[in-house]
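**Student:** Residue numbers for the sequence shown follow the UniProt record's numbering, so the first one is 1 and each next one is one higher. We put the beta carbon where it would ideally sit given N, CA and C, even for glycine. None of the values given here were measured: they were computed from a predicted structure. Below you'll find the structure I mean.
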Amino acid sequence: MLASIAILALFGILLIVLETFLPGWVAGILGVVSISAAVWLGLTSEELVGWSTGQRVALVLAILVLSVAVIITWLRWFAVKFLRRALTLTTSIETPHAASVPPGSRGVALTQLRPLGRAEIHGHRFDVRCQSGLAEAGAPVEVIATEPGNLLVRII
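Printed below as a string of structure tokens:
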């Protein structure tokens, strides 16, 4: 019976750890139920009839303390590092900085400018704002000024 109690407790801990990766609450709930069953068996099992109440309480406390310690250790050290690594962008996308385009540079509107759109200037694509408001795709444009996030252009 002691082996069954240990297996239930370890299975419960494993399910709670798996809850970190599995969506939903099914694994976590089953883990809590499994640990609760191990505690209940530790307190009420007829096969542990030779055990005193203090020994049974010590077994239950050992199960609970071990469960909490393993789960906290997992969440503190392993899960956080794993999730941080999994959610961190490891590649970078280089975009040309709009401030590097001097006024007077010329290019072509890649999309309709109403008044915002995209233009290609010196072989790079930029977000632009058209001074006159509207411009068709393919229209030649000239940079007038740089603004935060885009370039101000006019139709040539």
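Return helix, strand or coil for G50, following the three-state DSSP convention.
**Tutor:** G50: coil per DSSP, three-state reduction.
**Student:** If A27 and E19 are in contact, beta carbons under 8 angstroms, what's the gap, nearest whole angstrom?
**Tutor:** Indeed they touch by this definition, with Cβ atoms about 4 angstroms apart.
**Student:** Just to confirm, is the Cβ distance from L41 to V60 under 7 angstroms?
**Tutor:** No, these two residues do not count as a Cβ contact at 7 angstroms.
**Student:** F11 to L30, Cα distance in whole Å?
**Tutor:** If you take the alpha carbons of F11 and L30, they lie about 9 angstroms apart.
**Student:** Output the distance between the C-alpha atoms of G107 and S132, rounded to the nearest integer angstrom.
**Tutor:** Straight-line Cα distance between these residues: approximately 16 angstroms.
**Student:** When the Cα atoms are used, what is the spatial distance from V143 to G117?
**Tutor:** Using only the alpha carbons, I get a separation of about 13 angstroms.
**Student:** For S67 versus M1, is the C-beta distance shorter than 7 angstroms?
**Tutor:** No, these two residues do not count as a Cβ contact at 7 angstroms.
**Student:** For the alpha helix (DSSP H) that I35 lies in, which residues bound it at each end?
**Tutor:** I35 -> alpha helix (DSSP H) spans V26 to T44.
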